[in-house]
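The structure appears right after this line, and notes come after that.
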Amino acid sequence: MTHEATVRPWLREHGWYPGRDVRDRIGEHLAFRLHEAERQGFPLTTFAAALGFLGSYGLLRLPYRAAPEIALVVRPDVGYEGDAEDFAELGGNLRRPVFPVGYETSEGGIVLVDDLGRVFYQHPTGPYFLGHDAYEAFARRLSGSALPDAEDFYV
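Just so you know, we're using our numbering here: the sequence shown kicks off at 7 and counts up by one.
Right, dumping it as structure tokens:
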């Protein structure tokens with residue numbers, strides 16, 4: 007079974023559909039995130055891969071089948087004090103810009119996308135790799151499989 011075959015039905019259950027684009031509804035969320043990063047001294051910039059992710063999945067709450075009380079919420083404006091420095095460190099180690107696109111409700115981990123479309127997870131214990139694209143990342147979280155360390159992708 008492909009990632010698409012696993013993930014698409016789950017996405018549709020929670021409001022996603024092919025061609026979905028909510029970029030016109032996430033402006034204030036982006037502005038808040040950009041302001042917060044600037045305030046923390048680690049400015050962020052948006053890029054096509056992050057905006058594409060947010061356009062397609064933004065504002066969705068995606069509960070995991072095995073633990074529906076835990077969900078991925080696709081909003082860039084939720085974080086914690088000092089998160090922008092963590093994002094800058096991850097981006098520096100990857101030698102790619104990263105942008106926060108959502109968070110998980112269980113432990114407050116932040117989901118980020120780099121400019122190649124790869125998806126990472128900034129957990130309180132450190133950064134992890136979720137997938138080479140959104141579908142792989144979603145499939146990995148749905149399966150509950152172990153997350154590789156992001157350092158495996160450092161340059």
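Every residue gets a Cβ at the ideal spot worked out from N, C-alpha and C, and that includes glycine.
Contact check, Phe105 vs Phe48 under 8 Å by CB: the rounded distance?
What you label residue 105 is simply residue 99 of the sequence shown in a count that begins at 1. What you label residue 48 is simply residue 42 of the sequence shown in a count that begins at 1. In fact, because the Cβ distance is near 12 Å, the residues do not count as touching under 8 Å.
Pick from Ala90, Pro24, Val28: whose alpha carbon is nearest that of Glu42?
Working through the sequence shown from its first residue, we reach residue 42 at position 36. Answer by Cα proximity: Ala90.
Any idea which residues DSSP pairs Phe135 with across the strands?
Along the sequence shown, one-based indexing puts residue 135 at 129. The partner list for Phe135 (beta bridge, DSSP) reads Phe126.
Can you give the Cα-Cα distance for His129 and Gly97, rounded to whole angstroms?
For the purposes of this step, residue 129 is identified with residue 123 of the sequence shown, where counting begins at 1. For the purposes of this step, residue 97 is identified with residue 91 of the sequence shown, where counting begins at 1. Roughly 15 Å separates the two Cα atoms.
How close, in whole Å, do the beta carbons of Ala77 and Tyr86 come, if the pair is a contact with beta carbons under 8 Å?
Numbered from 1 along the sequence shown, position 71 holds the residue referred to as residue 77. Numbered from 1 along the sequence shown, position 80 holds the residue referred to as residue 86. So it is not a contact: roughly 18 Å between Cβ atoms.
Rank Tyr141, Ala140, Phe159, Tyr134 by C-alpha distance to the C-alpha of Ala152 and give the top, closest one.
The residue you call residue 152 lines up with position 146 of the sequence shown. Of the listed residues, the one whose Cα sits closest to Ala152 is Tyr134.
Please report the distance separating the alpha-carbon of Ala156 from that of Phe126.
Along the sequence shown, one-based indexing puts residue 156 at 150. Along the sequence shown, one-based indexing puts residue 126 at 120. Cα to Cα, the separation comes out at about 7 Å.
Determine the DSSP secondary structure at Leu68, reduced to helix, strand or coil.
Position 62 of the sequence shown, counting from 1, holds the residue named residue 68. Leu68: strand per DSSP, three-state reduction.
So, for Val161: in the same chain, excluding its five sequence neighbours on each side, which residues have a beta-carbon less than 7 Å away from its beta-carbon?
Numbered from 1 along the sequence shown, position 155 holds the residue referred to as residue 161. Only Leu100, Arg101 meet the Cβ criterion.
Please classify Pro36: is it buried, with 16 or more other beta-carbons within 10 angstroms of its beta-carbon, or exposed?
In the sequence shown, counting from the first residue as 1, residue 36 sits at position 30. The question names Pro, but residue 36 in the sequence shown is Leu. Classification for Leu36: buried.
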